[in-house]
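Below is one structure, written out as structure tokens, with a few remarks after it.
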Ligand SMILES: NC(=O)c1ccc[n+]([C@@H]2O[C@H](COP(=O)([O-])OP(=O)(O)OC[C@H]3O[C@@H](n4cnc5c(N)ncnc54)[C@H](O)[C@@H]3O)[C@@H](O)[C@H]2O)c1
């Protein structure tokens, strides 16, 4: 019996077997959680359905987080399968490609700002707002952030602002939902080669840099993130809320980056 036995978890943001959501789904399943999945659109519906079956789930439902009706419909569709749930994993982010390259002030514009914040931050609170009536006491919400929330980086641009907003969202949601016995946390993951990451200019360079400069001298994997996630959403972390846990091989803790072989 795993430490998530008897817990029901919603996993958003599955797009491929490289998705962080996939690492989290596998880790939660390994600890005994029952899973339900969402998919953004019909293009990935079949893939998500197939992958959900691999981890024993028959539930995969459409959910575009920019659409309020779809958010409401999602929870009403889910209630046909589950009366309630314990865990929601928000692993969703997006900014138009032209926002994620070049100098910050050259790239940023009003539409890019709105879209990045809507999809990548507001959606976390929107899901909690629409779904909280189905959440069990002792439940946990988890989202995925990145170092760009607190440090400037090349190309990450407006997504850094959206992640800063997301981390503030974590703290405000934690304060709001604490009295209901619901915890809210984020994992700030190191760079991982996924579909979303492929849209960020200079990603390959960042992976090489982190693998040389991080204390563990490697990049993290979706398994590393999944294992930390399974702890944070479990009762083992019952006293932890409003936190951002770095799962980045220690990269954020280093004050001086060595050059290779040092
Ligand atoms: N890969 C990294 O280096 C890295 C590092 C730190 C944090 N993160 C974060 O992890 C999360 C997951 O990203 P990933 O790297 O696994 O990439 P991914 O491409 O596998 O996942 C991104 C997901 O967002 C979903 N999405 C985008 N717009 C959506 C919308 N409107 N409605 C519903 N879903 C939508 C996509 O369908 C996809 O499943 C994101 O929040 C990302 O910012 C990624």
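Numbering (our numbering), first residue to last: 16 to 277. Every residue, glycine too, gets a C-beta built ideally from N, C-alpha and C.
Going by beta carbons, residue 251 and residue 234 fall outside the 7 Å limit. Here DSSP, grouped into helix, strand and coil, assigns residue 212 to helix. Under DSSP, residue 100 takes part in a beta bridge, and its partners are 150. In the DSSP assignment, no residue is bridged to residue 57.
Residue 77 sits in a strand when the DSSP states are folded into three classes. When 253, 204, 215 are compared, the shortest CA-CA separation from residue 265 is found for 204. In summary, residue 56 is exposed, with fewer than 16 beta-carbon neighbours lying within 10 Å of its beta-carbon over all protein chains present. Excluding its 5 nearest sequence neighbours in each direction, residue 122 has C-beta neighbours in its own chain below 8 Å: 113, 114, 115, 116, 172, 173, listed in chain order. By the Cβ rule, the region 211–220 does not count as touching the region 178–185, because fewer than three pairs are nearer than 8 Å. The Cβ atoms of residue 200 and residue 140 do not sit closer than 7 Å to each other.
Out of 26, 241, 97, the CA that lies nearest to the CA of residue 77 is found in 26. Of the residues assessed, residue 187 falls on the exposed side of the cut-off, its CB having fewer than 16 other CB atoms within 10 angstroms. Remark: C-beta atoms of residue 156 and residue 35 do not approach each other more closely than 7 Å.
When C-alpha distances from residue 236 are compared across 209, 191, 253, the shortest belongs to 209. Per DSSP, the continuous beta strand (DSSP E) segment holding residue 23 begins and ends at 23–26. Distances from the alpha-carbon of residue 104 to those of 206, 70, 247 put 247 closest.
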